[in-house]
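Residue numbers (the working numbering), protein chains in the order written: chain A, 1 to 250; chain B, 1001 to 1296. Beneath this line is the structure, given in structure tokens, with notes to follow.
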Amino acid sequence: MVTVSRRIDEAPEIYTLELGAKNEGKSGQFYMLSVQGVGEAPISVASGFGRNLIFTIRSIGSVTSRAMGEGRIGVRGPYGSKWPWKEYNEIVAVAGGIGIPPIRSLIEEMIDAKREGDIELMYGARSPSDIVYKKEINEWMKSVDVHLTVDRGDDRWNGKVGFVPTLLKDSHFSRKAAMFVIGPPLMMKNTVKEAVSLGYREDRIFISLERRMECGIGVCGHCNVGHRYACEDGPIFNYSEVMTEPELFL
Amino acid sequence: MERVFAAISGDFETYGAVEKEGEVLFDRVHSLAEVSENRSRYAPKEFLIRRNENVLYLEEQQRKAVFGIKSCDLKGFYLMDRQILNRDPFYTERRNKTLFVNYVCNTPCEGGFCSSFGGPVLDEFDIQVLREGNDYHIMASDKYDKYFNGCRNDDGSYFTDFKRKFNTEMPPLKVDGLESRIKWNSPIWKEFASRCISCGACNYSCPTCYCFDLYDDGDERKREWDSCVLSGFTSSSAGNIRNGLDERLRQRFYHKFVYFKKSKDEFLCTGCNRCVEDCPVGIDIKEVITHDYSNE
Chain A
1 MVTVSRRIDE
11 APEIYTLELG
21 AKNEGKSGQF
31 YMLSVQGVGE
41 APISVASGFG
51 RNLIFTIRSI
61 GSVTSRAMGE
71 GRIGVRGPYG
81 SKWPWKEYNE
91 IVAVAGGIGI
101 PPIRSLIEEM
111 IDAKREGDIE
121 LMYGARSPSD
131 IVYKKEINEW
141 MKSVDVHLTV
151 DRGDDRWNGK
161 VGFVPTLLKD
171 SHFSRKAAMF
181 VIGPPLMMKN
191 TVKEAVSLGY
201 REDRIFISLE
211 RRMECGIGVC
221 GHCNVGHRYA
231 CEDGPIFNYS
241 EVMTEPELFL
Chain B
1001 MERVFAAISG
1011 DFETYGAVEK
1021 EGEVLFDRVH
1031 SLAEVSENRS
1041 RYAPKEFLIR
1051 RNENVLYLEE
1061 QQRKAVFGIK
1071 SCDLKGFYLM
1081 DRQILNRDPF
1091 YTERRNKTLF
1101 VNYVCNTPCE
1111 GGFCSSFGGP
1121 VLDEFDIQVL
1131 REGNDYHIMA
1141 SDKYDKYFNG
1151 CRNDDGSYFT
1161 DFKRKFNTEM
1171 PPLKVDGLES
1181 RIKWNSPIWK
1191 EFASRCISCG
1201 ACNYSCPTCY
1211 CFDLYDDGDE
1221 RKREWDSCVL
1231 SGFTSSSAGN
1241 IRNGLDERLR
1251 QRFYHKFVYF
1261 KKSKDEFLCT
1271 GCNRCVEDCP
1281 VGIDIKEVIT
1291 HDYSNE
């Protein structure tokens, strides 16, 4: 059990918990968070390795919508695979909606390694008020190339309006860059399709797949993606290895 | 063999298949004579995976010896080992402390097809027994050879001859290459779905099905056998990847004949026929094996 030291409301239905413990996980990995008597839920870590443990959560299920942020919560992990950022010189990180937390973790790790010049962020939300990490994004903009879009603007929004895949052509990196994609299934499907048509290599595209996970250690059998388990072989997969799986995107 | 039983019972709590009120089930036994040669009504999965238990504590387990488990049921554990041994702490603790003495069936059972998956004489075992009346033919693994102390001299050739004879009585189905023959879009999944009532009996009766659900119950966090044909099995905040019953049935058979074969180079089926016997609507896993997919 770990104490929640701070709760931040990020956007409608989305909140961030900062815990009184260090993150031992790498960006892309997840923890199982639990509320006693309610249950457990897999949540990606939002902070960089070695920093304070942070999670950003959407209230949607019984665990995530109840009691989180008060007192102590159960934490086990980290589990799963990580973004392989150390293997690439240029990384286009593409996030949709509540897919952004593992990308925050990634950006923090690259900043800590003084490699923030090697990553571009492409991030889209439904509306300006749904954008998560507004304060952090302003900080990142000082050293990271950030591209934002919203599906629907409002009176005060003077940025881009359009779906996430429309941002890809704004990248300043070469087409040999690695692309890390995370978000709702349809957004990922369309982003990957657009990336391939723009000339990005399938074996340099990495996707994070969301599945029902219960154990986190490859034994309960719920999260299979073909013959792989998302909790153990994923959640980060090399797209070229899973692209032929018929149950890839919902 | 009673002497062997006595020696084993010095080191282990002894259990066996016993006849009780017309059913065969597993219970404590204190002599080999109590052990039934018949197959238990249910696969004795509970020796290693409890139907329902609290996972917040893992108690040290007693060493148990289980007599009379049939080869098809034991093979289920050897297959599960490949995915969950040394990952699942509960399974691993019990697995490492349980000795299985499997009985090889003398003649084919009705509907069974274990010969298709290498049965009923197993390649992996602790102590394997072929009982013919009061004659016991025995193979013991190196670990348990000590219980025989020179009184055993089967070199396995008896078993080889037996296997040849058994296979003529239960001709193996053609399972080679099934993982690439089977078709994702075959109409067979919808046909099964038109009859299936999602009861989950196939999963619960299967000696190889290991999936479980985790849930909180007051102060306890419990694991309970789960079933991939139930609609909630894959529902998540992103949606449900298998909304259709045909998709869930396909998952069950793909796990057995495609996914496990790809990841572990084994089919996740022992040919026990339990899922067929317990299915209330007559869905037969053998049809998945023998179906002609060539024009689909």
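Cβ coordinates follow ideal geometry from the N, Cα and C atoms, glycine included.
Residue nearest to residue i in terms of C-alpha spacing, selected from the options
{"i": "D154 of chain A", "options": "A:E247, A:A195, A:S129", "result": "A:S129"}
{"i": "T1234 of chain B", "options": "B:E1002, B:F1212, B:D1216, B:D1219", "result": "B:F1212"}
{"i": "K1143 of chain B", "options": "B:K1097, B:I1182, B:P1280, B:V1288", "result": "B:K1097"}
{"i": "C1072 of chain B", "options": "B:V1281, B:P1108, B:R1087, B:I1084", "result": "B:P1108"}
{"i": "E87 of chain A", "options": "A:G74, A:E241, A:R66, A:M110", "result": "A:M110"}
{"i": "G1232 of chain B", "options": "B:C1279, B:P1172, B:G1200, B:R1003", "result": "B:G1200"}
{"i": "N1086 of chain B", "options": "A:V219, A:T191, A:K135, A:G183", "result": "A:V219"}
{"i": "F1253 of chain B", "options": "B:E1023, B:R1094, B:C1269", "result": "B:C1269"}
{"i": "K1256 of chain B", "options": "B:D1278, B:P1280, B:K1286", "result": "B:K1286"}
{"i": "V1330 of chain B", "options": "B:C1202, B:E1296, B:P1044", "result": "As shown, chain B starts at 1001 and ends at 1296. That puts residue 1330 of chain B outside it, with no answer to give."}
{"i": "L209 of chain A", "options": "A:P42, A:A21, A:A11, A:L53", "result": "A:P42"}
{"i": "K1174 of chain B", "options": "B:E1034, B:G1271, B:N1052", "result": "B:G1271"}
{"i": "E1013 of chain B", "options": "B:M1001, B:S1031, B:E1023", "result": "B:S1031"}
{"i": "R1041 of chain B", "options": "B:D1278, B:Y1158, B:N1102, B:R1094", "result": "B:D1278"}
{"i": "V181 of chain A", "options": "A:W85, A:E139, A:R51, A:G20", "result": "A:W85"}
{"i": "K1297 of chain B", "options": "A:N224, A:I8, A:F173, A:A178", "result": "Any property of residue 1297 of chain B remains undetermined from this structure, which presents chain B solely from 1001 to 1296."}
Assigned secondary structure, residue i (DSSP; H/G/I helix, E/B strand, else coil)
{"i": "T1270 of chain B", "result": "coil"}
{"i": "G218 of chain A", "result": "coil"}
{"i": "T1208 of chain B", "result": "coil"}
{"i": "N158 of chain A", "result": "coil"}
{"i": "G1282 of chain B", "result": "coil"}
{"i": "A1193 of chain B", "result": "helix"}
{"i": "Y1136 of chain B", "result": "strand"}
{"i": "A230 of chain A", "result": "coil"}
{"i": "Q29 of chain A", "result": "coil"}
{"i": "H147 of chain A", "result": "strand"}
{"i": "L186 of chain A", "result": "helix"}
{"i": "N1240 of chain B", "result": "strand"}
{"i": "F1253 of chain B", "result": "helix"}
{"i": "V1055 of chain B", "result": "coil"}
{"i": "Q1128 of chain B", "result": "strand"}
{"i": "V1004 of chain B", "result": "helix"}
{"i": "I98 of chain A", "result": "helix"}
{"i": "Y239 of chain A", "result": "helix"}
{"i": "V63 of chain A", "result": "helix"}
{"i": "A1201 of chain B", "result": "helix"}
{"i": "G199 of chain A", "result": "coil"}
{"i": "A177 of chain A", "result": "coil"}
{"i": "S44 of chain A", "result": "strand"}
{"i": "R1094 of chain B", "result": "helix"}
{"i": "A1033 of chain B", "result": "helix"}
{"i": "W1225 of chain B", "result": "strand"}
C-alpha distance - residue i paired with residue j, whole-angstrom precision
{"i": "S1186 of chain B", "j": "I1241 of chain B", "result": "19 Å"}
{"i": "S1009 of chain B", "j": "V1276 of chain B", "result": "36 Å"}
{"i": "V2 of chain A", "j": "G221 of chain A", "result": "28 Å"}
{"i": "F55 of chain A", "j": "A1238 of chain B", "result": "18 Å"}
{"i": "T1092 of chain B", "j": "R1063 of chain B", "result": "13 Å"}
{"i": "I1079 of chain B", "j": "K189 of chain A", "result": "At residue 1079 of chain B the sequence reads Leu, which differs from the Ile that was named. Rounded to the nearest angstrom, the two C-alpha atoms are 35 Å apart."}
{"i": "K114 of chain A", "j": "H147 of chain A", "result": "20 Å"}
{"i": "L1178 of chain B", "j": "L1056 of chain B", "result": "40 Å"}
{"i": "N1038 of chain B", "j": "G1118 of chain B", "result": "20 Å"}
{"i": "C1105 of chain B", "j": "D1123 of chain B", "result": "15 Å"}
{"i": "V45 of chain A", "j": "P101 of chain A", "result": "7 Å"}
{"i": "D1217 of chain B", "j": "A230 of chain A", "result": "26 Å"}
Any chain D beta carbon closer than 9 Å to residue i
{"i": "R1050 of chain B", "result": "Considering every chain present, this structure includes no chain D. Its protein chains are A and B."}
**Request:** Count the C-beta pairs between the region 1195-1212 of chain B and the region 1154-1169 of chain B that are closer than 8 Å, then say yes if the count reaches three, no if not.
**Result:** With a cut-off of 8 Å, the region 1154-1169 of chain B and the region 1195-1212 of chain B do not count as touching, because too few Cβ pairs lie within range.
**Item:** Within 7 Å of chain A by C-beta, residues of the region 1092-1119 of chain B in sequence order
**Value:** Within the region 1092-1119 of chain B, no residue has a Cβ that lies closer than 7 Å to any Cβ of chain A.
**Message:** Any C-beta of chain A within less than 9 Å: which residues of the region 1070-1085 of chain B qualify?
**Reply:** Q1083, I1084
**Asked** Between the region 100-115 of chain A and the region 18-27 of chain A, do three or more beta carbon pairs fall short of 8 Å?
**Response** yes
**Contacting positions in the region 211-240 of chain A - beta carbon closer than 7 Å to chain B** = For the region 211-240 of chain A, the residues whose beta carbon sits under 7 Å from a beta carbon of chain B are, in order, R211, R212, E214, C215, I217, G218, V219, C220, G221, H222, N224, G226, H227.
**Request:** Decide yes or no for the touch test of the region 80-94 of chain A against the region 118-132 of chain A: beta carbon pairs closer than 8 Å, at least 3 of them.
**Result:** yes
**Prompt:** Do the region 1016-1031 of chain B and the region 205-215 of chain A meet, that is, are 3 or more Cβ pairs less than 8 Å apart?
**Reply:** no
**Prompt:** Per the contact definition of three or more C-beta pairs closer than 8 Å, is the region 1067-1085 of chain B in contact with the region 1119-1129 of chain B?
**Reply:** Between the region 1119-1129 of chain B and the region 1067-1085 of chain B, the count of Cβ pairs shorter than 8 Å is three or higher; the stretches touch.
**Prompt:** Would the region 1217-1233 of chain B and the region 188-201 of chain A be scored as touching if the rule is three or more Cβ pairs under 8 Å?
**Reply:** no
**Message:** With three or more beta-carbon pairs closer than 8 Å as the criterion, would you say the region 131-141 of chain A touches the region 161-172 of chain A?
**Reply:** no
**Request:** Evaluate the contact criterion for the region 59-67 of chain A versus the region 30-46 of chain A: three or more CB pairs, one atom per stretch, below 8 Å.
**Result:** yes
**Residues of the region 52-63 of chain A whose Cβ lies closer than 8 Å to any Cβ of chain B, in chain order** = Within the region 52-63 of chain A, the qualifying residues are R58, I60, G61.
**Message:** Any C-beta of chain B within less than 9 Å: which residues of the region 179-197 of chain A qualify?
**Reply:** P184, P185
**Request:** Closer than 7 Å, Cβ to Cβ, to anything on chain B: give me those residues from the region 65-86 of chain A, in chain order.
**Result:** none
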